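Each remark here refers to the structure printed beneath this line.
Residue numbers (the working numbering), protein chains in the order written: chain A, 1 to 390; chain B, 1 to 280.
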């Protein structure tokens, strides 16, 4: 009974366990509810789901099972415009790629504007018009070194400068627990067990020693209790080229949450600008000005940035270089501001360290960070934590 | 035994169902939700409604799981031994009973409230697994097993400051109290202030929900703050018109100190009001 339902939830990647399922059956047997689907919904949720961040997922899975309601496509992915859908990808040889000369930023924008005005219909292939699979700097799935990306998936060479779509990213969830044990071990290094504050616990060894010294006359010693007082401000890059690393990031995130007394996290995309956000689904509705964030959290916070720092150099150095909106000040300025406010800072990069020198943007960010960039591996974390504790 | 809300606590149907499931199966119920949505109140109200004694255990960052069971007061015993007190020979004289012990040995069924469990150390919930599951524990000093006569009803609240271990969560029912919508809020206010003037209430709720929309507030005003504020408004006898500010001129709502609880928020809010005035 209801085993299919249970397996359906399991298939929807909800963290449900057999014990909780048996509890649900027990509750049904105890006639906690009458025969109503609404009540069953609430009861099964109370039994099986133990975190409100899974409520949404549960709702969809429940609906999908009981009413046959199709999960709406487009909840997770935005459909790109029809004429931009990647139908075919034209594979260029390296020589051909080399032949495409790099256009300057201003020239690129100007040309795009021009062609958007000229073009009316869907276009595929060729080397001038916007469309898919061509070698024109505009459109997507193409191979121009500094192409502008319009809709659809990036072809994989990751140099699109402008993303002309409002993408909905999945929220990072912190449920990844398996395999995070080793990261936890490393993060624990960040805890500093400072013995300070009020005397709270009996120092048994000290008492015995001092009592003995007093020839048996009791001399009670107290000592302050240890507690973790590390405060962390965590900035996570989300979306775009970070999609490959999202699993690593999730593990990191889930490990971090239980490790500190104060942990504040924010998301950004590629580079930090005027705004960051907390909830990725509502990233356009609910964003926090970076100024306010810096104002709110004192300089005793330690700053940890997590991002692959892989982007077009324009996004860091140029005002208006953000792929999301018109930023008045370049990302480098904001990054420098953050570092000024939080002297203890590191950047964790999920990309392997050996690749760093091949990406210009990584070099730039690393310079800004003053070489405080570490790979997102156990060993890299150790080094990063040591740096933060200096 | 069923809980169906009470004369001064408005419970939504799904909350009632979760409570009743926990009562029927005698499992702990974990309650989460925004601060001020009545998590702690719930246990008190259930205890009052069912007529059971309530035992409260408020958790602090220094609280240890052991303290809920019992504590061995070694320091007193050491001192008594120095003074030659006769009581020193029986270790049981120095065992102090904790909240869980008291609840376990009570004659009738009790309700235990473990308040703000997330304040404690990460290991805290793990240390209570067996105690909450089997409702028994062992006292090593006196070698006795303490077993609950009647399984108590356990309510646990959390503010989500730390995540709780899976093993612990599997043993609980869980309910997340949503922030009440306008309708529920009206019922809550009606319960607390039966005679409140409709006009005043309408304006006040308007101001309240608008204030919650202000971006960047460190702490959004919650239900309990709204109730405090209404109490003040009533005490000062402020007319409903004073709250209305829409088009004529923008004003700071009177007695806003009851809604905004920290300097930066008040400052931010006043700045926003000032800016709004400038734009006109």
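Beta carbons: idealized from backbone N, C-alpha and C, even for Gly.
Owing to the predicted nature of the structure, the values given are computational and were not obtained by experimental measurement.
CB contact below 8 Å: residue i versus chain A
i: residue 261(B); result: no
i: residue 174(B); result: yes
i: residue 151(B); result: no
i: residue 130(B); result: no
i: residue 169(B); result: yes
i: residue 119(B); result: no
i: residue 97(B); result: no
i: residue 60(B); result: no
i: residue 32(B); result: yes
i: residue 49(B); result: no
Boundaries (first-last residue) of the beta strand (DSSP E) holding residue i
i: residue 302(A); result: 302-306
i: residue 226(B); result: Taken as a continuous stretch (DSSP letters only), residue 226(B) belongs to no beta strand (DSSP E), being part of the alpha helix (DSSP H) at 223-236.
i: residue 71(B); result: 70-72
i: residue 266(A); result: 262-268
i: residue 285(B); result: In the structure as shown, chain B starts at 1 and stops at 280, and residue 285(B) therefore has no counterpart that could be examined.
i: residue 193(B); result: Unbroken run through residue 193(B): none, as it is neither H nor E.
i: residue 64(A); result: Note, residue 64(A): premise wrong, no beta strand (DSSP E); alpha helix (DSSP H) at 55-66.
i: residue 179(B); result: Careful: residue 179(B) lies outside any beta strand (DSSP E) and carries neither H nor E.
i: residue 33(B); result: 29-33
i: residue 96(B); result: 95-97
i: residue 158(B); result: 153-158
i: residue 373(A); result: 373-375
i: residue 356(A); result: Neither: residue 356(A) is in no beta strand (DSSP E) and is coded neither H nor E.
i: residue 55(B); result: 54-58
Residues near residue i by beta carbon distance below 6 Å, same chain, minus five either side
i: residue 219(A); result: 210 and 211
i: residue 30(B); result: 156, 172 and 174
i: residue 220(B); result: 212
i: residue 365(A); result: 309
Neighbour flag for residue i against chain B, beta carbons, 8 Å
i: residue 296(A); result: yes
i: residue 264(A); result: no
i: residue 275(A); result: no
i: residue 374(A); result: no
i: residue 5(A); result: no
i: residue 9(A); result: no
i: residue 218(A); result: yes
i: residue 292(A); result: yes
i: residue 19(A); result: yes
i: residue 2(A); result: no
i: residue 268(A); result: no
i: residue 235(A); result: no
i: residue 66(A); result: no
Nearest-angstrom Cβ-Cβ length linking residue i and residue j, presumed shorter than 8 Å
i: residue 156(B); j: residue 28(B); result: 6 Å
i: residue 241(B); j: residue 153(B); result: Not quite, the Cβ-Cβ distance comes to about 48 Å (not below 8 Å), so this is no contact.
i: residue 238(A); j: residue 262(A); result: Their Cβ separation, rounded to whole angstroms, is 22 Å, which puts residue 238(A) and residue 262(A) out of contact at 8 Å.
i: residue 97(B); j: residue 60(B); result: Their Cβ separation, rounded to whole angstroms, is 19 Å, which puts residue 97(B) and residue 60(B) out of contact at 8 Å.
i: residue 128(B); j: residue 65(B); result: 5 Å
i: residue 375(A); j: residue 343(A); result: The pair is not a contact, with the Cβ atoms about 22 Å apart (cut-off 8 Å).
i: residue 341(A); j: residue 299(A); result: 6 Å
i: residue 117(B); j: residue 158(B); result: 5 Å
Residue i - containing alpha helix (DSSP H), residue span
i: residue 345(A); result: Premise fails: residue 345(A) lies in the beta strand (DSSP E), 345-349, not in any alpha helix (DSSP H).
i: residue 17(B); result: 13-25
i: residue 237(A); result: Not the alpha helix (DSSP H): residue 237(A) falls in the beta strand (DSSP E), residues 231-237.
i: residue 471(A); result: A question about residue 471(A) goes unanswered here, because the residues of chain A that appear run from 1 up to 390.
i: residue 360(A); result: 360-368
i: residue 41(A); result: 37-48
Close Cβ partners of residue i (< 7 Å) along its chain, the five nearest in sequence each way excluded
i: residue 65(A); result: 5 and 8
i: residue 5(B); result: 11 and 16
i: residue 277(A); result: 266, 267, 283, 286, 287 and 288
i: residue 34(B); result: 179 and 222
i: residue 1(B); result: 23 and 50
i: residue 20(A); result: 47 and 48
i: residue 18(B); result: 29, 173 and 175
i: residue 32(A); result: 43
i: residue 36(B); result: 222, 223, 224 and 225
i: residue 332(A); result: 316, 317 and 368
Contact set for residue i: own chain, Cβ-Cβ below 8 Å, skip 5 residues either direction
i: residue 95(A); result: Because the pLDDT of residue 95(A) is 49, which lies under 50, any placement of that residue in the model is unreliable, and the question is left without a value.
i: residue 326(A); result: 320
i: residue 257(B); result: 266
i: residue 297(A); result: 231, 233 and 264
With 7 Å as the limit, tell me which residues of the region 24-47 of chain A have their beta carbon closer than that to any beta carbon of chain B; keep them in chain order.
-> Result list: 26, 27, 30, 32, 33, 39, 42, 43, 46 and 47.
Compile a chain-ordered list of the residues in the region 72-83 of chain B whose CB is closer than 9 Å to at least one CB of chain A.
-> Within the region 72-83 of chain B, the residues whose Cβ lies closer than 9 Å to some Cβ of chain A are 74, 75, 78, 79, 81 and 82, listed in chain order.
Which residues, in chain order, does the region 210-224 of chain B contribute to contact with chain A at a C-beta distance below 8 Å?
-> 215, 216 and 218
Any residues in the region 49-64 of chain A with a beta carbon nearer than 9 Å to a beta carbon of chain B? Which ones, in chain order?
-> Contact residues of the region 49-64 of chain A toward chain B are 49, 50, 51, 52 and 55 (C-beta to C-beta distance below 9 Å).
Looking at chain A, which residues of the region 6-26 of chain B have a Cβ within less than 7 Å of any of its Cβ atoms?
-> Within the region 6-26 of chain B, those residues whose Cβ lies closer than 7 Å to any Cβ of chain A are, in chain order, 14, 17, 18, 20, 21, 24 and 25.
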